[in-house]
């Protein structure tokens with residue numbers, strides 16, 4: 016097993032759900048596909064989907080929901096086979 020770090024491509028605010036009051040895209044411990052959206056980064060009212068990037072189990076989020084990100088920050092960790 017190895018770990019894949021999902022990295023923020025840009026600065027902004029990280030959101031784990033598509034809108035306030037909506038269910039989160041994915042929870043810790045869930046199995047994800049490479050093209051699955053795990054969150055959004057918002058900068059100046061533009062939202063960018065953050066994809067898992069690999070298949071595996073999402074073991075943790077390094078970024079806080081509604082937290083500020085810089086480019087290169089780790090958003091989440093996925094355990095791959």
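In my numbering, the protein residues as written are 16 to 96.
A virtual CB, placed ideally from N, CA and C, is assigned to each residue, including glycine.
Since the model is a prediction, treat every value here as computed from it, not as a measurement.
Candidates the options, of which the one nearest residue i by Cα
i          : options        : result
residue 48 : 63, 85, 29, 19 : 19
residue 56 : 94, 83, 38     : 83
residue 94 : 87, 76, 38     : 76
residue 33 : 63, 78, 87, 88 : 63
residue 74 : 53, 23, 24     : 53
Close Cβ partners of residue i (< 7 angstroms) along its chain, the five nearest in sequence each way excluded
i          : result
residue 68 : 19, 21, 49
Cut-off 6 angstroms between Cβ atoms - residues of its own chain near residue i, not counting five sequence neighbours on either side
i          : result
residue 85 : 26
Inter-residue Cα distance where the pair is residue i and residue j
i          : j          : result
residue 36 : residue 80 : 13 angstroms
residue 16 : residue 45 : 16 angstroms
residue 96 : residue 28 : 30 angstroms
Fill in: Ordered list of beta strand (DSSP E) runs contained in the region 18-94, each at least 3 residues
Here the runs fully enclosed are 27-30, 52-58, 61-66, 71-76.
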